[in-house]
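Asks: Before I ask anything, here is the structure I am working with.
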């Protein structure tokens, strides 16, 4: 594809020779002639002097004598589009349900959806159009999956929530008779677990993206457009608003509400409701600006102990010297 | 089922019209006429004024003019029984080993056990009666599973423990020749890993319930009736007593012993043995009453630093004023 | 096998009767006559007085009147070799690709490699010689796996990295067109996820051993001979040097570098680059010697608060007494 045509299709402009032919995408350091690359951050700008790429997508203020610059207001988005143009999305090599998948006869699979070998789709489950269900995904009965949903390998959807009534020394299983509803345009990473609701539905809102090894317990309601990074755990009945970001290894205790557009830093332990728009971090979760001061002080605790020890010594000296005249 | 008959079968009594017909269970907010619901907590009592449920299982002291109250000493357990009565347990749609499962010819599968598509059961493994082995569970050779055990999808049982002898710059694999023994009435959630012992058995005691994404390393001995919440990790050779509760994302270091009925709060890092009956929290694990004071002080650390700074200033002033007269 | 012959083969010497026949290996407490066992630590030495084992592999300075001691400079490594001699490695019961596995016709599988039922190997993937791919492992297209690699059940290799460009209120998927390269002699535990690179390769260096439920995000470069314990999470583009050890539940933030032979304690949150050879612990990661002092002070925080309170009281008294004379 000619560079100027590529730029046009991704809403960018070319500074340099727009007539060159672009054949592939590659990272700056590995790119060969004929490739387009991407400058993620102006601080890596000196790589423009060594890359063999023929063109680089970058912020509009970036200049180069060596290589054509494709100037885009949002270079990362422009680069994503360029990859799609040059490489397309994954080719599956088969259409529909692979014969080595197991789909219950009562389940419904939408047009354009592919179901990989080893995937299991249970009774009365419904999968929308143009979904990708990767190998060995298990979707239990009655779960509902919207359109254009991607679920990566070895993920479990609709497994029983963890509910037991303790009586007479025995944990009695509470049948989990709800389901999971995954709305349109959700992506769920590999090795995740989303448990079905006890009675109603565990819900993953439209456009939410979930990384690998995430655990979402029964009765959770996840809003739209959320980003949930790897190894996050939501306990039962947690509610996330829209566009919430949970970084890696966050844990959220049961029945809590996290407001729209809140951001929770990695490893945070959320033990209270979180206001919309907040940025939280720490164990337990604190407002980020407070947490930064708390952790800065935490890392200097031995020094603080020493200062207190010196104060105690100083105080003892003063009290002694105060006592002396009286004696 | 008539309400009074349902109440009788779950050991509860009806305040209101026992002759009404109950057709289903539902949460208070979604229930329709003919449904029975459940009041989990007296603080949600005002929902009794708006629910469309025909009956509600609740503590004996709860009253309502609108809806029949099914009074039970342990309402949660009564509700669990009501769900079983009205909905039954999951219907599998097949019996025994599904043809798309893989069971080694030497493995033994008990009567009434169902093995879902994609499950793998290795050489000389034994699965007891009335178990459910969900899709894509892998049970390696020689593992022993008791009766009425449930194992959810994509869980791995009996994989090699993580044991290597480092010699000459190489991590040499130590063959893991033990197995996993899962006793009766255990439930293991989805995407869990339970590693086989190096030489003897990793043991999961009877009636223990394990949530999703839990890692239990080789040689662990988990007692009876334990509750292990999602994303917990037990390092090698950990021993849990009976009725231990580990909340989400807890980590326990190798070779430690946690006593009977101990409770460990979410995200706790256990680095020492834990006494029976203790409640522990924090990183590192502390007695809960201590931990609450430690974390309260932690969150006010910047304030404490400021107080120390003011003390230092006060001390400097006093020392100055103390010096002056002498000078 | 005669004990003296076994000792010879594992590079050890026998103190006691080398002519006895050894039939099996077992832990000290369960061993029967004819078994060889292993004394991991001199502090368990009194078990030598009660074990029924016929021989015990131990440090050269260990003595016993009851049982033959097989003296080895590195007893753990010697024991590992003894297990291999007496038990061999796992027998698979089949050779090559099991008919219930799914291997794309374009994928290449080396000689001596076994692929278990339910495993999925995608287009143009290459698996080397003498590998073991356990049940329900998914290896996406174009991933490269070296020789003698072991991958345990339900692990996902080459799934899409978690990359989205946010534009117009939508998270747009960035096609992940790189792959995963796993070098020779790597072992990957069960239920792990290793994401393919966005453009180039996510790399796991030769001889690295990965425990269960580990998440390695796109573009990571893991060095040679590393030990990565269960439930660790590496965010995108993390670089580990050689012989790095990450203990359980460690999290490493994106784009960081951890130097050769660094050791990171369990549950640590790594938020900065780590120097080669460092030992780090804590959230956030600190040098272990500093972290020990910080956490010791942390656990005594309520006491420190009390000391500050007493200082404030002492100060108030002194200031009062100081004021009085002036008045």
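Chains as they are written, first to last, in our numbering: chain A, 577 to 903; chain B, 577 to 903; chain C, 577 to 903.
Cβ coordinates follow ideal geometry from the N, Cα and C atoms, glycine included.
Here the structure is a predicted model, which is why all the values come from computation and not from measurement.
1) Could you run through the stretch 796 to 811 of chain A and flag, in chain order, every residue whose CB is less than 8 Å away from some CB of chain C?
2) List the residues of chain A whose Cβ lies closer than 8 Å to the Cβ of residue 694 of chain C, in chain order.
3) Between residue 795 of chain B and residue 814 of chain B, what straight-line distance do the alpha-carbon atoms span, to the nearest angstrom?
4) Among residues of its own chain, excluding the 5 on either side of residue 788 of chain C, which ones have a beta-carbon nearer than 8 Å to its beta-carbon?
5) Beta strand (DSSP E) containing residue 820 of chain B: first to last residue?
6) Cβ closer than 8 Å: which chain C residues qualify as neighbours of residue 755 of chain B?
7) For residue 706 of chain B, which option in B/763, B/818, B/823 and B/620 has the closest C-alpha, if you only look at C-alpha atoms?
8) Taking 7 Å as the CB-CB cut-off, is residue 893 of chain B touching chain A?
9) Roughly how many whole angstroms lie between the Cα atoms of residue 689 of chain C and residue 801 of chain C?
10) With distances taken between CB atoms, is the gap from residue 738 of chain A to residue 711 of chain B smaller than 7 Å?
11) Measure the C-alpha to C-alpha separation of residue 850 of chain A and residue 740 of chain A and round it to an integer number of angstroms.
12) Identify whether residue 654 of chain C lies in helix, strand or coil by the three-state DSSP scheme.
13) So the candidates are C/604, C/890, C/595 and C/885; which of them puts its Cα closest to the Cα of residue 629 of chain C?
14) Quick one: give me the first and last residue of the beta strand (DSSP E) that residue 614 of chain C is part of.
15) Check the C-beta distance from residue 761 of chain A over to residue 721 of chain A and give it rounded, since I have them as a contact under 8 Å.
16) Locate the alpha helix (DSSP H) running through residue 865 of chain C, then write down its first and last residues.
17) Distance check for residue 713 of chain B and residue 614 of chain A, CA to CA, integer angstroms please.
18) With 16 as the cutoff for other CB atoms within 10 Å, does residue 653 of chain A come out buried or exposed?
19) Can you find a C-beta in chain B that's less than 7 Å from the C-beta of residue 732 of chain A?
20) DSSP three-state label for residue 586 of chain C, please.
21) So which residues of chain A does residue 874 of chain C contact, with C-beta pairs closer than 8 Å?
22) Counting only Cβ pairs nearer than 7 Å, list the residues of chain B close to residue 766 of chain C.
23) Chain B beta carbons: is any one of them nearer than 7 Å to that of residue 638 of chain C?
24) Note down, in chain order, each residue of its chain lying with its Cβ closer than 6 Å to the Cβ of residue 655 of chain C, except the 5 sequence neighbours on either side.
25) What is the residue span of the beta strand (DSSP E) that residue 671 of chain B lies within?
26) Using a Cβ-Cβ cut-off of 6 Å (strictly less than) and excluding sequence neighbours within five positions of residue 719 of chain B, which residues of its own chain qualify?
27) Please confirm if residue 976 of chain B has its CB atom under 7 Å from at least one CB of chain A.
28) Which residues, in chain order, does the stretch 653 to 668 of chain C contribute to contact with chain B at a C-beta distance below 7 Å?
29) Is the CB of residue 887 of chain A under 7 Å away from at least one CB in chain B?
30) If you compare alpha carbons, which of B/694, B/682 and B/792 is closest to residue 717 of chain B?
31) Which bits of chain C does residue 789 of chain B rub up against, with CB to CB less than 7 Å?
32) Using a Cβ-Cβ distance cut-off of 7 Å, determine whether residue 743 of chain A contacts chain B.
33) Would you say residue 883 of chain C lies against chain A (beta-carbon separation less than 7 Å)?
34) For residue 603 of chain B and chain A, any beta-carbon pair shorter than 7 Å?
35) Going residue by residue through the stretch 781 to 852 of chain A, where are the continuous alpha helix (DSSP H) segments of at least 4 residues, counting only ones entirely within it?
36) Are the C-beta atoms of residue 623 of chain C and some chain B residue less than 7 Å apart?
Replies: Here's the rundown:
1) 801, 803, 805, 806 and 807
2) For the purposes of this step, residue 694 of chain C is taken as residue 118 along the third chain, with counting starting at 1. The contacting residues are 694 and 712.
3) To locate residue 795 of chain B, count along the second chain from 1; it is residue 219. To locate residue 814 of chain B, count along the second chain from 1; it is residue 238. Cα-Cα distance, rounded: 7 Å.
4) Residue mapping note: residue 788 of chain C aligns to position 212 of the third chain, counting from 1. 728, 765, 766, 767, 768, 806 and 807, listed in sequence order.
5) Position 244 of the second chain holds residue 820 of chain B. First-last for residue 820 of chain B: undefined, no H or E at that position.
6) For the purposes of this step, residue 755 of chain B is taken as residue 179 along the second chain, with counting starting at 1. The CB of residue 755 of chain B never comes closer than 8 Å to any CB in chain C; the least such distance is about 12 Å.
7) Taking the first residue of the second chain as position 1, residue 706 of chain B is located at position 130. For residue 706 of chain B, the nearest C-alpha among the options comes from B/763.
8) If you number the second chain from 1, residue 893 of chain B lands on position 317. Not one chain A Cβ lies under 7 Å of residue 893 of chain B.
9) In the third chain, residue 689 of chain C corresponds to position 113, counting from 1. In the third chain, residue 801 of chain C corresponds to position 225, counting from 1. Taking the straight line from one Cα to the other gives about 22 Å.
10) Here residue 738 of chain A refers to the residue found at position 162 when the first chain is read from its first residue. Here residue 711 of chain B refers to the residue found at position 135 when the second chain is read from its first residue. In this structure, residue 711 of chain B does not lie closer than 7 Å to residue 738 of chain A by Cβ.
11) Start at 1 with the first residue of the first chain, and residue 850 of chain A comes out as number 274. Start at 1 with the first residue of the first chain, and residue 740 of chain A comes out as number 164. Taking the straight line joining both Cα atoms gives about 28 Å.
12) If you number the third chain from 1, residue 654 of chain C lands on position 78. In the structure shown, residue 654 of chain C sits in a helix (DSSP, three-state: H, G or I).
13) Start at 1 with the first residue of the third chain, and residue 629 of chain C comes out as number 53. Of C/604, C/890, C/595 and C/885, the residue nearest in Cα terms is C/604.
14) Reading the third chain from its first residue, position 38 is the one you call residue 614 of chain C. Per DSSP, residue 614 of chain C belongs to the beta strand (DSSP E) from 611 to 614.
15) Your numbering for residue 761 of chain A matches position 185 in the first chain. Your numbering for residue 721 of chain A matches position 145 in the first chain. So it is not a contact: roughly 11 Å between Cβ atoms.
16) The count along the third chain starts at 1 and reaches residue 865 of chain C at position 289. For residue 865 of chain C, the enclosing alpha helix (DSSP H) begins and ends at 864 to 875.
17) Indexing the first chain from 1 puts residue 614 of chain A at position 38. Indexing the second chain from 1 puts residue 713 of chain B at position 137. Taking the straight line from one Cα to the other gives about 42 Å.
18) Here the question's residue 653 of chain A lines up with position 77 in the first chain. Residue 653 of chain A should be labelled buried.
19) Taking the first residue of the first chain as 1, we reach residue 732 of chain A at position 156. It does; some Cβ of chain B falls within 7 Å.
20) Counted from its first residue, the third chain places residue 586 of chain C at position 10. Looking at residue 586 of chain C - three-state DSSP - the assignment turns out to be coil, as it is neither helix nor strand.
21) Position 298 of the third chain, counting from 1, holds the residue named residue 874 of chain C. Those within 8 Å of residue 874 of chain C in chain A are 874 and 877.
22) Within the third chain, residue 766 of chain C is the residue found at index 190, counting from 1. Near residue 766 of chain C (Cβ distances below 7 Å), the residues of chain B are 732, 735 and 769.
23) Position 62 of the third chain, counted from the start, is the residue given in the question as residue 638 of chain C. Not closer than 7 Å to any Cβ of chain B, the Cβ of residue 638 of chain C fails to qualify, so no.
24) The residue given as residue 655 of chain C occupies position 79 in the third chain. Correct list, in chain order: 614 and 633.
25) To locate residue 671 of chain B, count along the second chain from 1; it is residue 95. Segment: none, residue 671 of chain B is in no beta strand (DSSP E) and carries neither H nor E.
26) Along the second chain, one-based indexing puts residue 719 of chain B at 143. Contacts found: 701, 733, 734, 755 and 756.
27) Any question about residue 976 of chain B goes unanswered here, given that chain B covers just 577 to 903.
28) 653, 656, 659, 660, 663 and 665
29) The count along the first chain starts at 1 and reaches residue 887 of chain A at position 311. Yes, contact with chain B.
30) Stepping through the second chain from its first residue, residue 717 of chain B is reached at position 141. Cα-wise, what sits closest to residue 717 of chain B is B/682.
31) Translated into positions along the second chain, residue 789 of chain B becomes position 213. Near residue 789 of chain B (Cβ distances below 7 Å), the residues of chain C are 789.
32) Indexing the first chain from 1 puts residue 743 of chain A at position 167. True, the Cβ-Cβ gap to chain B drops below 7 Å.
33) Along the third chain, one-based indexing puts residue 883 of chain C at 307. Yes, residue 883 of chain C counts as interfacial toward chain A.
34) The sequence position of residue 603 of chain B within the second chain is 27, counting from 1. By this cut-off, residue 603 of chain B is an interface position.
35) none
36) For this step, residue 623 of chain C is matched to residue 47 along the third chain. So, not an interface residue.
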